[in-house]
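Beneath this line is the structure, given in C-alpha cells, with notes to follow.
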Ligand SMILES: CC(C)(COP(=O)(O)OP(=O)(O)OC[C@H]1O[C@@H](n2cnc3c(N)ncnc32)[C@H](O)[C@@H]1OP(=O)(O)O)[C@@H](O)C(=O)NCCC(=O)NCCS
C-alpha cells in the first residue's frame, strides 16, 4: 500500500482538491492558475502517460513534483531539484503566532508581490484557493506569509513560507509557520512540508519548530512532446 505522503499530489487531487482538478483517465492536474502539479498512478502505464499528454497538450508542462516515476524518453526534462519532505514530529511551544492575521481573496495581489520578491516556490493567482493563508503586516505592508497546499488524507502541507528580504532574521517565518501548524493540528491533521535540500536557512526554521525529515525527494518536471 502506498503511504499517502508518498503520493501527496494524487491524494489531494482525488480527495480534498477534487473540486480544483482537471483529469483525463487516471491522469490529473490542477485548474489553470492554481498549480502546475500533475498526478499519474503510482506505477503508470504507457496509457497513463498518453492520458497526461492529452490532458496537458503538446508542449505542456508536466510538473511531477516529488513523484517517483519516469515519463517516456521523448518527454524533455525541464527541471530537477533535490529536496526533503519533512513532517511535524513534536510541536515546540516556542514561537507563538503573535500578530499573525488570516489572509483572504482581497490579499492575493500582495501575496503575489511578496512571493515574487521572496521566491518561496511556485505561487499563482489562484494558489491561495488550496487552503488557508496567514501573514504578518508591518506598517500596512505584508512582510511574511505561509499557507496550506497539498492535502492528502489526515495531513496538510505548509507552503509558500516567505519573509520580505528587509524583514528577515526576526522570527517572522517561524511565527507564520506556527500559525499554519496551529490551524492544521487544530482540525486534527498533521502538518508536513517540502523544502529544497540547499535551503539550509528554511530547514533550520522548520527544525526549530519540530519538523524532521521523513524522506529525501527529487522534484522534477518535463515538457510534453
Ligand atoms: C527562509 C525564510 C522564510 C526565513 O524567514 P525569516 O523570517 O528570516 O526566518 P526567522 O526569522 O524565523 O529565522 C531566521 C533566523 O533568524 C533568527 N531569529 C529569529 N528571531 C530572531 C530575533 N528576534 N532576533 C534575532 N534573530 C532571530 C532565527 O533564529 C534564525 O536564525 P538562523 O539563521 O541561525 O537559523 C526567508 O529567508 C525567505 O523568505 N527565504 C526565501 C523563500 C524561501 O526559501 N522560503 C522557504 C521555502 S520552503
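In my numbering, the protein residues as written are -15 to 209.
Don't be surprised by glycine CBs; every beta carbon is placed ideally from N, CA and C.
Is residue i near ligand 1, judged by its Cβ being under 7 Å from some heavy atom?
i, result
"residue 83", "no"
"residue 188", "yes"
"residue 152", "yes"
"residue 147", "yes"
"residue 200", "no"
"residue 12", "no"
"residue -8", "no"
"residue 97", "no"
"residue 43", "no"
"residue 164", "no"
"residue 125", "no"
"residue 104", "yes"
"residue 213", "The structure shown does not extend to residue 213, since the chain spans only -15 to 209, so no value can be given for it."
"residue 112", "no"
"residue 155", "yes"
If the criterion is Cβ atoms closer than 8 Å, does the pair residue i and residue j meet it?
i, j, result
"residue 49", "residue 207", "no"
"residue 171", "residue 193", "no"
"residue 195", "residue 73", "yes"
"residue 33", "residue 209", "no"
"residue 25", "residue 10", "yes"
"residue 51", "residue -7", "yes"
"residue 28", "residue 53", "yes"
"residue 151", "residue 186", "no"
"residue 166", "residue 81", "yes"
With a 10 Å radius around its C-beta and 16 neighbouring C-beta atoms as the bar for buried, classify residue i as buried or exposed.
i, result
"residue -15", "The predicted model places residue -15 with a pLDDT of 49, which falls under 50 and marks its position as unreliable; any figure quoted below should be read in that light. By the neighbour-count rule (16 or more Cβ atoms within 10 Å), residue -15 is not buried but exposed."
"residue 130", "buried"
"residue 205", "buried"
"residue 21", "buried"
"residue 135", "buried"
"residue 63", "exposed"
"residue 41", "exposed"
For residue i, tell me which candidate among the options has the shortest Cα-Cα distance.
i, options, result
"residue 107", "133, 119 and 4", "133"
"residue 181", "168, 197 and 98", "197"
"residue 98", "149, 64 and 88", "149"
"residue 118", "30, 155, 145 and 5", "145"
"residue 57", "68, 40 and 30", "30"
"residue 110", "188, -9 and 4", "4"
"residue 86", "-10, 164 and 125", "164"
"residue 200", "-3, 69, 12 and 104", "69"
Determine whether the Cβ of residue i lies closer than 8 Å to any Cβ atom of chain D.
i, result
"residue 195", "Absent here is chain D; the protein component of the structure consists of one chain."
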